[in-house]
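Remarks on the structure that follows.
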Amino acid sequence: MLELCFNEGVGGLLAYWQSGKQKILCLGDDLSIGPIAGGPDSQERREQLVRILGSDPWGELPAGEWIDEAWQRYCRTWERLRTLPEGTEVRVWLDRTPGSRCGFLASAEALAFRKARVTAALLPEWVARSDGTAVEYSGWGEAGPEELDALLEDCCREAPQVLLGGLSHRWRQLQEENTPLRAVINGRLHSVPENFYDGMLLSRLPEAGQTIRLAELLGRTLGECQPGIGDWWLACRAETLAAEGRFRLERDPGRFYNSQVTRYQD
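Counting along the sequence shown from 1, when you hit position 260 you're at 246 in my numbering, and nothing is skipped either side.
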């Protein structure tokens, strides 16, 4: 069986869990952010990946050609998916993050074309434990490798060809809309405007006149709101909101996430 996921962290989790027993395809580019009209391995997606990986908000990334190498690896993974042997068994690791949903929709056409036998492993929203507690998940990357076998017992469902056809049609609709973002709303993936997450950021600002680091603002937003996206887009929106006068942002030239965010007095 081939394991298919849409997040680099989940890919690492599966590699540790499987210990090399199964092949893993990881399509780690978050297709919920940025342009998608040209397809997942188009030039516009390459430019999006360069913007994300080249941002280096902590000032710690090495110089070199590693970004281009990451893109080439990503394109090779898509080519492997499109040329799977017919009838390959594929388990798709899905959760409620928009990147996971976009990845499944984008890959559905290739899976259907290769007549893959697809099983969808949809992460439960929460799980009761034997010690009387419950744990809530938003993405597979939050689970530990020791939890995966138990989680898989009740969360796997067959994804028939007719479903894959419907998913690929929905992806083509999203490509035609080609908005800056896609988000999961009431369990369904929708095209949304670039300011969709702004309210989450603004609601996590400090009290008027107080200052926090940008990294703390992003952490609060990701932890408390659980939008299911990475920090990069929120950091971009923080810059835009500051430029619009919603709060003050004092940039740290070497480590952007150390920049100081101050809420204006009312």
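Each residue gets a CB set at the ideal place from its N, CA and C atoms; glycine is no exception. These figures come from a predicted structure and were not determined experimentally.
Residue i to residue j span [Cα, whole Å]
i	j	result
Ala120	Asp54	42 Å
Ile215	Gln4	26 Å
Arg62	Arg68	10 Å
Leu11	Gly185	35 Å
Gly24	Thr165	13 Å
Trp57	Ala194	43 Å
Glu128	Cys142	18 Å
Asp27	Ala221	25 Å
Glu(-6)	Ile38	14 Å
Gln34	Asp217	15 Å
Glu46	Ala145	42 Å
Asp117	Pro239	48 Å
Short Cβ contact (9 Å threshold) for residue i with residue j
i	j	result
Val263	Arg87	The requested residue 263 is not part of the displayed model; the chain covers only -13 to 252.
Leu(-12)	Leu13	no
Gly125	Leu109	yes
Pro43	Arg241	yes
Ala106	Arg77	yes
Glu210	Arg190	yes
Ala92	Trp52	no
Val254	Leu134	Past the boundaries of the shown model lies residue 254; the chain is included only from -13 to 252, so the question cannot be answered.
Arg206	Tyr243	no
Arg249	Pro192	yes
Trp79	Leu0	yes
Ala224	Leu208	no
Gly85	Asp16	yes
Glu122	Glu132	no
Leu187	Leu227	yes
Arg82	Gly173	yes
Per-residue DSSP class, three states only, for residue i
i	result
Thr165	coil
Leu67	helix
Gln34	helix
Gln58	helix
Sequence-distant residues of the same chain with beta carbon closer than 6 Å to residue i, five excluded per side
i	result
Lys101	Glu72, Gly73
Ala114	Ala120
Glu95	Ser154
Gln246	Thr197, Glu236
Glu30	Pro21, Gly24
Cutoff 9 Å: residue i Cβ touching any chain C Cβ
i	result
Lys7	Reference to chain C is not applicable here, since this structure consists of a single protein chain.
Same chain, Cβ closer than 8 Å to residue i, neighbours up to 5 away in sequence not counted
i	result
Trp219	Ile19, Leu167, Tyr183
Arg66	Leu11
Gln251	Ala194, Gly195
Cutoff 7 Å; reference residue i; Cβ partners in own chain excluding five residues on either side
i	result
Ser177	Leu160, Glu163, Thr165, Arg168
Gly130	none
Gln212	Ser124
Leu97	Val76, Val104, Leu150
Leu138	Ala107
Gly40	Ile53
Report the start-end ranges of each beta strand (DSSP E) in the stretch 79 to 163 that is 3 residues or longer and not cut off at the edges. 103 to 108, 112 to 114, 120 to 122, 142 to 145
Inside the stretch -6 to 30 only - beta strand (DSSP E) runs reaching at least 3 residues: 9 to 12
Every unbroken beta strand (DSSP E) inside the stretch 174 to 227 [3 residues or more]: 174 to 178, 197 to 199
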